[in-house]
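What follows is a set of notes on a single structure, which appears directly below.
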Amino acid sequence: MAKQVLVVDDNEMITFLWKLVLENGNYVVSQVNDGASALEMLAANRYDCLIVDYHMDDMDGLALTEKIRAMPGYRPVPIIMITAERDQELSESARIAGINALMTKPVHPDSLLDIIGRLCPLST
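In short: position in the sequence shown from 1, add 12, done, that's the numbering used here.
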């Protein structure tokens, strides 16, 4: 069965790009452009992995992750956060919030597929 991935980024071009990359990697992808919409999607659907941007207008990726981790059934779901920041403090905050992998922009499509393949393998 295909793995379901939710991509959350306030840049529509980025969500479209990651959707193409992940679909080429045989994942089924949904995309939203803000944290509130992500929470609605998560309440209505089941996802196997999440990709969230750090900087978004309505809530940042850390705040979104904390809300996701409080939702029933989403504590063990892998979350990958993508950011332009190279900050050790952010890395620590991400770990504490429950981020499984922190990727720094620019993110190469193969790198994203590698990380998601390890955290959310298609064969399980």
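Just so you know, even glycine gets a beta-carbon here, dropped at the ideal spot from N, CA and C.
Exposed unless 16 or more other CB atoms sit within 10 angstroms - verdict on residue i
i           : result
residue 43  : buried
residue 4   : Nothing about residue 4 can be reported from this structure: the residues present for the chain run from 13 to 136 only.
residue 108 : exposed
residue 85  : exposed
residue 57  : exposed
residue 68  : buried
Contacting residues, own chain, Cβ-Cβ under 7 angstroms from residue i (five flanking each side not counted)
i          : result
residue 71 : 47
Rounded separation between residue i and residue j - CA only
i           : j           : result
residue 110 : residue 123 : 20 angstroms
residue 16  : residue 37  : 12 angstroms
residue 55  : residue 98  : 32 angstroms
residue 20  : residue 100 : 23 angstroms
residue 75  : residue 51  : 11 angstroms
residue 180 : residue 127 : Residue 180 lies beyond the stretch modelled for the chain, which goes from 13 to 136, so this question has no answer here.
residue 22  : residue 96  : 14 angstroms
residue 125 : residue 135 : 14 angstroms
residue 103 : residue 66  : 11 angstroms
residue 106 : residue 78  : 10 angstroms
Contact set for residue i: own chain, Cβ-Cβ below 8 angstroms, skip 5 residues either direction
i          : result
residue 35 : 41
residue 31 : 19, 41, 43
DSSP state of residue i mapped onto helix, strand, coil
i           : result
residue 33  : helix
residue 135 : coil
residue 113 : strand
residue 126 : helix
residue 83  : coil
Next on the checklist: Could you check whether the segment 53-70 touches the segment 88-100, counting it as contact only if at least three pairs of C-beta atoms, one from each stretch, sit closer than 8 angstroms?
Outcome noted: yes
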